[in-house]
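K.L.:
To start, I am sharing the structure in question, which I have written as structure tokens.
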Amino acid sequence: MKQIDKRMILVNVLGVMIARSAFFGINPLALGFFAAVYLEKKVRGYIFLSVLAGMATRMPLIDVAKYGLSMLAIMLVTALIENQGKKITVGIIASLSAVVITIMGITKGMLMVNSDYYIILAILEGVVVFAATGIFERGIDYILYSKKGQVLNNEQIISLSIIVGVFVYAIPRYDTINFSFVETGAYFLVLLLGYKYGAGTGSIAGAACGIVLGIQNNTISVIGTMCILGILAGMFREVGRIGAAIAFLLGALVFQYLYSKNMMELSSLRALSSSTILFLLLPSSLIYKIDIGERENGENKEDIFIKDNIQSIAVGKLKEFSESFKKLSYTFQTISEKKSILNRQDIDRIFDDVSEKLCKKCSKCDFCWKKEFYDTYKAAFSMLSSAERNGYIMEGDVPDAFLNRCINMKEFLQETNKSLELAKINLNWKNRMADSREAIALQLSEVANILDDFSLDLYDTVSVSETMEEYIIHKMRINHIEVKQIAILEKRNKKQEIYMEAKTEKGRCITTREAAGMLSEILLKRMKPKDGTKNVIAKEYDTIAFVEDTNYKALTGIARATKIGERISGDNYSFITLPSGEMIMTLSDGMGSGVKACTESQSVIELLEQFMEAGFKEESAIKLINSILVLKSEEESFSTVDMGILNLYTGVCDFIKIGAASTFIIRDNHVETITSASMPIGVFNQVDFEGISKKIYDGDYIVMVTDGVLECLPIEEKEAYMEKILMDSKITNAGELANYILEKAIEQNNHTAKDDMTVMVAGIWKK
345 MKQIDKRMIL VNVLGVMIAR SAFFGINPLA LGFFAAVYLE KKVRGYIFLS VLAGMATRMP
405 LIDVAKYGLS MLAIMLVTAL IENQGKKITV GIIASLSAVV ITIMGITKGM LMVNSDYYII
465 LAILEGVVVF AATGIFERGI DYILYSKKGQ VLNNEQIISL SIIVGVFVYA IPRYDTINFS
525 FVETGAYFLV LLLGYKYGAG TGSIAGAACG IVLGIQNNTI SVIGTMCILG ILAGMFREVG
585 RIGAAIAFLL GALVFQYLYS KNMMELSSLR ALSSSTILFL LLPSSLIYKI DIGERENGEN
645 KEDIFIKDNI QSIAVGKLKE FSESFKKLSY TFQTISEKKS ILNRQDIDRI FDDVSEKLCK
705 KCSKCDFCWK KEFYDTYKAA FSMLSSAERN GYIMEGDVPD AFLNRCINMK EFLQETNKSL
765 ELAKINLNWK NRMADSREAI ALQLSEVANI LDDFSLDLYD TVSVSETMEE YIIHKMRINH
825 IEVKQIAILE KRNKKQEIYM EAKTEKGRCI TTREAAGMLS EILLKRMKPK DGTKNVIAKE
885 YDTIAFVEDT NYKALTGIAR ATKIGERISG DNYSFITLPS GEMIMTLSDG MGSGVKACTE
945 SQSVIELLEQ FMEAGFKEES AIKLINSILV LKSEEESFST VDMGILNLYT GVCDFIKIGA
1005 ASTFIIRDNH VETITSASMP IGVFNQVDFE GISKKIYDGD YIVMVTDGVL ECLPIEEKEA
1065 YMEKILMDSK ITNAGELANY ILEKAIEQNN HTAKDDMTVM VAGIWKK
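Written out as structure tokens, the structure reads:
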């Protein structure tokens, strides 16, 4: 409080001095300064009296009254706006001040003889008031709320330099003594600001003070001299205060002698000497150096370079991993060739093995394979064709000549068919292995796609401008929250996340929800505390996070019934909301009913939840789960998947149906049906997707059911019958609507659940 009191006193002193900066019978800078200060509620108390007192020392009472009434009008309108719960911004108070003083000036001008001149002057004064309010606001903000060592940005440097220039202009002149307070103030401020903030700030302050001295002395060259003196003070700051003061003093003497000889009067020399002595006598706590260039161009650039470099390395590594997985996937795909039947080479090999095993020991071997080789080969070729066509050989497939000649025909047929069966079994196992390799190849390919997608998310995270960060810090400080560090991130979906290291002022208890409300006013978008953030801002610095709030909210309901004779339903469901602002509704119906079906559908739901929460895309998650079910066992293992992915920012819902029953959207006076004809997951390696996107509006309901619900309906057009049930209902509660649908379905089947039945309902409303 002591520090802010000192700063409040400084602001009021500036108010008195700037109020003296009248010219051409008007004082727009005083009103602009008043408006800029009045924007800060903490320091409103005495600024009206300070500005009024300053005007009274320079202007006639009639003009003081005019500006006093203008300030009262600004205060009154501001109070009316704030009482309505609206926020006063710089633009609003600047516009208000400009309009008020213009009206006042025009009213006064119309009473004067040369009214046109005064009306034009009034309009110009309004323009200057509007500009001055915006300029002064940045400097006042720095004076009131800056921390020790805080760096000035360009806008603050310009604002403070103009305040310094106006302050110097307003210093009273005493012609009776041979000493210039104006020149002393100008030299002192240029030397102080140049030494403290560097050559850039010194040159700007020199230009502002040079303009003031040039106006008073009718010497334009002094502007350049003062700019160079500000640069000298900044350039020699590294050699210490004494070195900078000597350089400043010598530079002033040289440049004044060369270019401004009329300033080499005794009063100017006294001003230069006294300002230098005053600078040397100031305590170090007031003139510590702030290295703007070093901070901005050194450490920050290094941090940005390191951050960008690490990010680039991370993206590169992720892409390398992705390429490795893609190559592995390609390798598995190339070795996963499948055969549907035995080919000619396989059957040839079987006959060779059988001949080697039976004919070699036969007494008629030489007769069949040497003397009658042609007939034997022709008979073998005929039997091969039958085996290739039918998969086995019967006695009728053997040519008569060979049948009469062969003395081991029965054993020959048995051994051949036995070998064919073994070959078929081996073929099935090889195909199963090929399926496994294909499934693994698909998994590796999806992992590669996920890594690619994640690298894009990492690379597209960008920082928001420093100006916005500074503005947030300033506004939070006004609301008793001290922010040490802040980071604003913008993701690929253009939604912002804000991380800040903050604490409350002593004696204050502020919740993170209240802080989110403050951020909402600043950013003009709804913000909320991120999940996992503490409810109350601590008294010591701690990290808190905020994210953009969604435009829609969803209220959900569920109703279930188990198949008669079963203890456990084979259906499972899930509602989850992701950090990305998506709500995912999932239904899964396991094959059959009971414990086995429940286990299958539960596995699908749990895996989907895990993958989606980890950031996997829904297509990738489903493909991975499908490959797992394909590899799971020799037994059939498949489940339906019915997903609704609702973007709570945009209201767009993506429906993915894999072997699932129809989904219904209740909207105003009609019901829209979304159907599917795809197979469940776990049947084939390549899962068949049916994706449909629909825009969901305020007040719509999404109804998802398993096939057991529709199977209870009596007619062939089951979807049409369900639409009628939904249209007849006037229920608005999601849970009650789900129970109503389930009861109506069971009612159509003699109040008996002939299959597992699940109804999910989500009502969507705008926030």
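Quick note on numbering: our numbering labels position 341 of the sequence shown as 685, and the sequence is numbered without any gaps. A virtual CB, placed ideally from N, CA and C, is assigned to each residue, including glycine. As the structure is a computational prediction, the values presented were derived from the model and not from experiment.
1) Any contact of the region 999 to 1016 with the region 950 to 958, i.e. 3+ C-beta pairs under 8 Å?
2) On a CA-only basis, which of 483, 418 and 1042 is nearest residue 392? Give me that one, please.
3) Ordered along the chain, which non-local residues of its own chain (more than five positions away) have a Cβ less than 7 Å from that of residue 553?
4) Counting C-beta neighbours from all protein chains within 10 Å, is the total for residue 1097 16 or more, i.e. buried, or is it exposed?
5) If you compare alpha carbons, which of 786, 850, 1101 and 877 is closest to residue 965?
6) Using the beta-carbon count (16 or more within 10 Å), is residue 1070 buried or exposed?
7) Rounding to the nearest angstrom, what Cα-Cα distance links residue 574 and residue 363 in this structure?
8) If distances are taken between C-alpha atoms only, which option among 558, 556, 545 and 557 comes closest to residue 576?
9) Suppose the cutoff is 8 Å on Cβ atoms and the five residues either side in sequence are ignored; what does the same chain contact list for residue 333 look like?
10) Rounded to whole angstroms, what's the CA-CA distance from residue 906 to residue 1092? Just pull it up for me.
11) Terminal residues of the continuous alpha helix (DSSP H) containing residue 627?
12) Determine whether the beta carbon atoms of residue 1037 and residue 996 lie at a separation below 8 Å.
13) At what residue ranges does the region 455 to 503 contain a whole run of the beta strand (DSSP E), taking only runs of 3 or more?
14) Output needed for residue 916: all residues of its chain with C-beta closer than 6 Å, excluding positions within five of it in sequence on either side, in chain order.
15) In whole angstroms, what is the alpha-carbon distance linking residue 648 and residue 844?
16) Between the C-alpha atoms of residue 636 and residue 501, what's the straight-line distance to the nearest angstrom?
17) Could you give the distance in angstroms between the alpha-carbon of residue 413 and the alpha-carbon of residue 892?
18) On a CA-only basis, which of 548, 462, 474 and 454 is nearest residue 499? Give me that one, please.
19) Taking just the CA atoms, how far does residue 866 sit from residue 902?
20) Sort out for me which residues DSSP pairs residue 918 with in a bridge.
21) When the Cα atoms are used, what is the spatial distance from residue 479 to residue 407?
22) Between the C-alpha atoms of residue 738 and residue 708, what's the straight-line distance to the nearest angstrom?
23) Are the beta-carbon atoms of residue 849 and residue 826 separated by less than 8 Å?
24) Assuming residue 934 contacts residue 864 under a Cβ cut-off of 8 Å, what Cβ separation, rounded to an integer in Å, is found between them?
25) The alpha helix (DSSP H) spanning residue 1102 covers which residue range?
26) Is the Cβ-Cβ distance between residue 987 and residue 962 less than 8 Å?
27) May I ask you to report which of helix, strand or coil DSSP gives residue 742?
28) What separation, rounded to the nearest whole angstrom, lies between the Cα atoms of residue 592 and residue 580?
29) According to DSSP, is residue 824 part of a helix, a strand, or is it coil?
30) Given a cut-off of 8 Å on the beta-carbon distance, is the pair residue 938 and residue 839 in contact?
31) Which residue's Cα is closest to the Cα of residue 514: 365, 415 and 1061?
32) Tell me whether the beta-carbon of residue 824 lies closer than 8 Å to the beta-carbon of residue 870.
33) Where does residue 432 sit, in a helix, a strand or coil, going by DSSP?
34) Could you name each continuous alpha helix (DSSP H) segment of 4 residues or more that falls completely within the region 351 to 410, going from the start of the chain to the end?
35) DSSP three-state call for residue 1044: helix, strand or coil?
36) I need the DSSP call for residue 1091, collapsed to helix, strand or coil.
P.N.:
Reading off the structure:
1) Output reads no: the region 950 to 958 does not touch the region 999 to 1016.
2) Minimum Cα distance to residue 392 is reached at 418.
3) Correct list, in chain order: 508, 509, 512, 530, 533, 534 and 570.
4) Buried, because 16 or more other Cβ atoms sit within 10 Å of the Cβ of residue 1097.
5) Considering only alpha carbons, the answer is 786.
6) In summary, residue 1070 is buried, with 16 or more beta-carbon neighbours lying within 10 Å of its beta-carbon over all protein chains present.
7) Rounded to the nearest angstrom, the two C-alpha atoms are 26 Å apart.
8) Nearest of 558, 556, 545 and 557 to residue 576, Cα basis: 545.
9) Because the chain here runs from 345 to 1111, residue 333 falls outside it and cannot be looked at.
10) Computed Cα separation, rounded: 16 Å.
11) Looking at the DSSP string, residue 627 is not in any alpha helix (DSSP H), and its letter there is neither H nor E.
12) Yes, the pair counts as a contact, with Cβ atoms nearer than the cut-off.
13) Counting only unbroken stretches of 3 or more residues, no beta strand (DSSP E) element lies wholly within the region 455 to 503.
14) Residues of the same chain with a CB within less than 6 Å of the CB of residue 916, apart from the 5 flanking positions on each side, are 932, 945, 946 and 949 in chain order.
15) A caution first: residue 648 carries a pLDDT of 45, below 50, which makes its placement in the model unreliable, though a value can still be read off. Here the alpha carbon of residue 648 sits roughly 18 Å from the alpha carbon of residue 844.
16) Here the model assigns residue 636 a pLDDT of 48, short of 50, so the residue's position is not dependable, and the following value carries that caveat. So the alpha carbons of these two residues sit roughly 11 Å apart.
17) Looking at the two C-alpha atoms, the distance is approximately 44 Å.
18) Nearest of 548, 462, 474 and 454 to residue 499, Cα basis: 548.
19) For residue 902 and residue 866, the distance between alpha carbons rounds to 39 Å.
20) According to DSSP, residue 918 bridges with 930.
21) The C-alpha of residue 407 is placed about 24 Å away from the C-alpha of residue 479.
22) Roughly 22 Å separates the two Cα atoms.
23) The Cβ-Cβ distance between residue 849 and residue 826 falls below 8 Å.
24) Between the beta-carbon of residue 934 and that of residue 864 there is about 45 Å, and that puts the pair past the 8 Å contact cut.
25) First-last for residue 1102: 1101 to 1110, but that is the beta strand (DSSP E), not the alpha helix (DSSP H).
26) Result yes, Cβ atoms of residue 987 and residue 962 sit closer than 8 Å.
27) For residue 742, the secondary structure class from DSSP, reduced to helix, strand or coil, is coil.
28) Rounded to whole angstroms, residue 592 to residue 580 spans 9 Å at the Cα level.
29) Coil at residue 824, not helix or strand.
30) For residue 938 and residue 839, no; Cβs fall outside 8 Å.
31) Nearest option by C-alpha distance: 365.
32) Not in contact: residue 824 and residue 870 (Cβ atoms no closer than 8 Å).
33) Three-state result, residue 432: coil.
34) Listed in chain order, the complete alpha helix (DSSP H) runs (minimum 4 residues) inside the region 351 to 410 are 372 to 382 and 391 to 400.
35) Here residue 1044 sits in coil by DSSP.
36) Residue 1091: helix per DSSP, three-state reduction.
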